[in-house]
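**Q** This is the structure I want to talk about, given as structure tokens.
2 protein chains.
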Amino acid sequence: MIYDLIIIGLGPAGITAGIYAKRQNLDCLVVGKSFGGQMMNKSVDIENYPGFEKISGFDLMEKMREQLVQKGVQIIEDEVLEVKKKDNFFKVTLSSKEFHSKSIIIATGSSYRCLGVEGENNYLGRGVSYCTTCDGPLFRNKVVAVIGGGEAGFEAARFLSSYASKVYILEKGIEVLASKSNQEIVSSLYPKIEVILEVEMKKIEGEEMVKKIVFKKGEDEIILPVDGVFIQIGYVPASSIFNGLVDLSNRNEILINKETCETSTQGIFAAGDVSDGKVKQIVVACGEGAKAAMSVYKYLNKK
Amino acid sequence: MIYDLIIIGLGPAGITAGIYAKRQNLDCLVVGKSFGGQMMNKSVDIENYPGFEKISGFDLMEKMREQLVQKGVQIIEDEVLEVKKKDNFFKVTLSSKEFHSKSIIIATGSSYRCLGVEGENNYLGRGVSYCTTCDGPLFRNKVVAVIGGGEAGFEAARFLSSYASKVYILEKGIEVLASKSNQEIVSSLYPKIEVILEVEMKKIEGEEMVKKIVFKKGEDEIILPVDGVFIQIGYVPASSIFNGLVDLSNRNEILINKETCETSTQGIFAAGDVSDGKVKQIVVACGEGAKAAMSVYKYLNKK
Chain S
853 MIYDLIIIGL GPAGITAGIY AKRQNLDCLV VGKSFGGQMM NKSVDIENYP
903 GFEKISGFDL MEKMREQLVQ KGVQIIEDEV LEVKKKDNFF KVTLSSKEFH
953 SKSIIIATGS SYRCLGVEGE NNYLGRGVSY CTTCDGPLFR NKVVAVIGGG
1003 EAGFEAARFL SSYASKVYIL EKGIEVLASK SNQEIVSSLY PKIEVILEVE
1053 MKKIEGEEMV KKIVFKKGED EIILPVDGVF IQIGYVPASS IFNGLVDLSN
1103 RNEILINKET CETSTQGIFA AGDVSDGKVK QIVVACGEGA KAAMSVYKYL
1153 NKK
Chain P
853 MIYDLIIIGL GPAGITAGIY AKRQNLDCLV VGKSFGGQMM NKSVDIENYP
903 GFEKISGFDL MEKMREQLVQ KGVQIIEDEV LEVKKKDNFF KVTLSSKEFH
953 SKSIIIATGS SYRCLGVEGE NNYLGRGVSY CTTCDGPLFR NKVVAVIGGG
1003 EAGFEAARFL SSYASKVYIL EKGIEVLASK SNQEIVSSLY PKIEVILEVE
1053 MKKIEGEEMV KKIVFKKGED EIILPVDGVF IQIGYVPASS IFNGLVDLSN
1103 RNEILINKET CETSTQGIFA AGDVSDGKVK QIVVACGEGA KAAMSVYKYL
1153 NKK
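Chains S and P are the protein sequences, given in the same order. Counting with my numbering, you get residues 853 to 1155 for the letters of the first sequence. Counting with my numbering, you get residues 853 to 1155 for the letters of the second sequence.
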């Protein structure tokens, strides 16, 4: 049997694509290692997904999962090892079995890049966060540190400064990588923000919640009291197995047409955080999933 | 006072933009004639908005409305009469008052174009529909008519033919306007679809549900028994007051950059069904609303 469509990924984008594909009456299989994607990592309730005032990532995922199951979409929870184009169809190899399809939607998401220091995992959701937009508002009148002096770190710091009383940007290099304009704006308009260079992070410590971070600067070991630590050192799109099959950006994101979700390879579409869309948000990923499924429907009907 | 942002429209796109704008700590006002947009017209439960297996348009709108109110976003239910660019800011005139802002998101949506025949309003949700994707699956093994022989009508008919036992396409002109490729595919691969030309629709009749349509063809009055009537004669983007302020497509949709939601005018963004995005779906409108708000945040921080 050759499926009309195989969707790879069980996060918001993949699930939405599955709901829409079924609605379009496509023979569709959704595969992925496990349900949830990044939503499962949200340390606080999600407040910006339209329709739910507050909901945990786990609960929202459960609702989406049930909706997909209820629609009768075929789902396999298994890791995809390889996707190959063969003439006019695709071969998708899972660890257990292989399947064939006329089209593919890649919705494998991404994961935040971890710092890898003591206390980072331990205090996740108790002061440590990878998502400024999600968790920033919890730090009103608190002291926070942003780890990473790139564009994202500077933007996070500016965002946080409208809540926090003090924001440190800690950069490991001898200079920050943020744009000059961002640096100038911060130094002239954001008195709450202080940049510290050549920081070698050692650990994050606390009691119930984060209380301080410990780093080396030159020969000195410095203990900085903070209430929150925002780690902004990039993210890792789950695109490695698609390298060579579709074109990637220099950040390893899958390049897509923002209107149709087409990739550089005919018959392959991508949606959600694995794509090179700028806004990494649940509802945006869902919107892209819907668009990708509609594009697949059009693509198959044109053939 | 000059707001950072005024969002025009109280449908899914405008509400989501409001939620995100507040999250970004922008001074934001959301205005619109009334809550809901097209969601209020859904004749059956929505089944393809991720997170809700089945929900009425009214209930989903209520949830989004409450979420916006809960966040403390300022909302005014009033019609926007005019938007003018003045130097570096915008003047938004409501019927009651006027306001100023540094940026604008237009999310005024669109409405389906009505046929304007007897029975059309009366049987809405009881056999008459404007949304194939929403209502098509209800017509399994039934006879349906699609009004309109354009591209949308042909695509609706093809979609419906996977559910219905018979699909008529009724076109008022002497030939259909759908693409040749669409016509060829339908005539060769879709035996269930029958095209009738030069149809002058008269009325839609029934009892509890639609039972038949009445039309004139030449001198004859024809009564065609059908269970469903899908009206596919286009939609009307609510863009007329923005004509001259931003560039519109030949369908009067606001042209946007699909990545950033920027319009042709600096400081004005657009999202949802009023834009020239191809996929008119609630979750896609929400995703665009989120993207537009994030773009506004970036825009204001660059100034």
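Positions of the beta carbon are idealized from the N, C-alpha and C atoms, including for glycine.
1) Cβ closer than 8 angstroms: which chain P residues qualify as neighbours of Phe1082 (chain S)?
2) Given that Lys1130 (chain S) touches chain P, what residues does it touch there, using C-beta distances under 7 angstroms?
3) Counting Cβ pairs closer than 8 angstroms, one from the segment 940-959 of chain S and one from the segment 873-884 of chain S, do we hit at least three?
4) Go through the segment 1081-1142 of chain S residue by residue and report every complete run of the beta strand (DSSP E) that reaches 3 residues or more, in order.
5) Among all the DSSP beta bridges, which residues are the ones paired with Ala997 (chain P)?
6) Based on the DSSP output, what are the partners of Cys880 (chain S) in its beta bridges?
7) With distances taken from CA atoms, which of P:Asn1095, P:Ile1075, P:Cys983 is nearest Arg875 (chain S)?
8) Tell me, which residues are paired with Ser1067 (chain P) by DSSP?
9) Which residues in chain P have a C-beta closer than 7 angstroms to the C-beta of Ile871 (chain S)? List them in chain order.
10) Is there a Cβ from chain S that is less than 7 angstroms from the Cβ of Val1136 (chain P)?
11) With contact counted as at least three CB pairs below 8 angstroms, one residue from each stretch, are the segment 1072-1090 of chain S and the segment 993-1006 of chain S in contact?
12) From which residue to which residue does the beta strand (DSSP E) around Val935 (chain S) run?
13) Classify Val980 (chain S) as helix, strand or coil using the three-state DSSP reduction.
14) From the DSSP output, which residues share a beta bridge with Lys949 (chain P)?
15) Are Gly988 (chain P) and Phe1006 (chain P) touching if we call contact CB-CB under 7 angstroms?
16) Hey, how far is the Cα of Glu1023 (chain S) from the Cα of Val1051 (chain S)?
17) Which of the residues in the segment 854-868 of chain S, read from start to end, lie with their CB under 9 angstroms from any CB of chain P?
18) Using a beta-carbon distance below 7 angstroms, is Glu905 (chain S) in contact with chain P?
19) Taking the alpha carbon of Lys1132 (chain P) as the reference point, which residue from P:Gly977, P:Ala959, P:Asn1095 has its own alpha carbon closest?
20) What does a CB cutoff of less than 7 angstroms around Gly971 (chain P) pick up in its chain, not counting 5 residues either side in sequence?
21) Just confirm the distance between the C-beta atoms of Gly870 (chain P) and Gly1124 (chain P), as a whole number of angstroms; I'd bet it's less than 8 angstroms.
22) So Ile927 (chain S) packs on Leu933 (chain S), CB below 8 angstroms; how close in whole Å?
23) Using the beta-carbon of each residue, which ones in chain P are nearer than 9 angstroms to Ser1101 (chain S)?
24) Going by other Cβ atoms of all chains shown within 10 Å of its Cβ, with 16 needed for buried, is Pro1089 (chain P) buried or exposed?
25) Return the residues of the segment 1031-1045 of chain S that lie within a Cβ-Cβ distance of less than 8 angstroms from chain P, sorted by chain order.
**A** Quick answer:
1) The premise fails here: Phe1082 (chain S) is roughly 15 angstroms from chain P at the closest Cβ pair, so nothing lies under 8 angstroms.
2) Here the neighbours are Glu1111.
3) yes
4) Runs of the beta strand (DSSP E) inside the segment 1081-1142 of chain S: 1087-1089, 1120-1122.
5) P:Tyr1020, P:Val1081
6) Looking at the DSSP output, Cys880 (chain S) bridges to S:Leu857.
7) P:Cys983
8) The question names Ser, but residue 1067 (chain P) is Phe in the sequence shown. Note: Phe1067 (chain P) sits in a beta bridge opposite P:Met1053, P:Ile1074.
9) Asn900, Pro902
10) yes
11) Output reads yes: the segment 993-1006 of chain S touches the segment 1072-1090 of chain S.
12) 932-938
13) strand
14) Bridge partners of Lys949 (chain P): none, in fact.
15) Between Gly988 (chain P) and Phe1006 (chain P), the C-beta gap is not smaller than 7 angstroms, which leaves the two residues out of contact.
16) Answer to the nearest angstrom: the Cα atoms are 6 angstroms apart.
17) Hits within the stretch, in order: Pro864, Ile867, Thr868.
18) yes
19) Proximity to Lys1132 (chain P) across P:Gly977, P:Ala959, P:Asn1095 peaks at P:Ala959, based on C-alpha coordinates.
20) The residues are Lys1055, Ile1056, Glu1057.
21) Contact flag wrong, Cβ pair sits at about 12 angstroms.
22) Not confirmed; about 18 angstroms, so no contact.
23) Residues of chain P passing the Cβ test: none, with the nearest at roughly 13 angstroms.
24) Counting the other Cβ atoms within 10 Å of the Cβ of Pro1089 (chain P) gives 16 or more, which makes it buried.
25) Ser1033, Ile1037
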